[in-house]
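In what follows, a single structure is set out as structure tokens and then discussed.
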Amino acid sequence: MSEASKTAPLSPAPPNEAAGETRRKAKFEVFGEEMIEKEVKQSGNSGRVYLPPEWVGKNVKIIRID
Numbered sequence: 013m014s015e016a017s018k019t020a021p022l023s024p025a026p027p028n029e030a031a032g033e034t035r036r037k038a039k040f041e042v043f044g045e046e047m048i049e050k051e052v053k054q055s056g057n058s059g060r061v062y063l064p065p066e067w068v069g070k071n072v073k074i075i076r077i078d
């Protein structure tokens, strides 16, 4: 692996929302078993999403859509 490829960013830096720039949407293709849409709820200093109990111990991927 060359030195340039070790230090080069994999993708451009995200736009600075504070400077008024808009964020681009990305397209994801994901294969899985089930999909649900939920709204993230406040939980202390972070957010929380409740999932079905059958999903406990399973791997999930979270994609923010807005």
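Numbered according to our numbering, the sequence shown spans residues 13 to 78.
Using N, Cα and C, we set each Cβ at its ideal position, and we do this for glycine too.
- Residue 60 is bridged by DSSP to 53.
- The beta carbons of residue 61 and residue 52 sit closer together than 7 Å.
- For residue 66, the three-state secondary structure derived from DSSP is helix.
- Take the alpha-carbon of residue 59 and the one of residue 39: they are about 24 Å apart.
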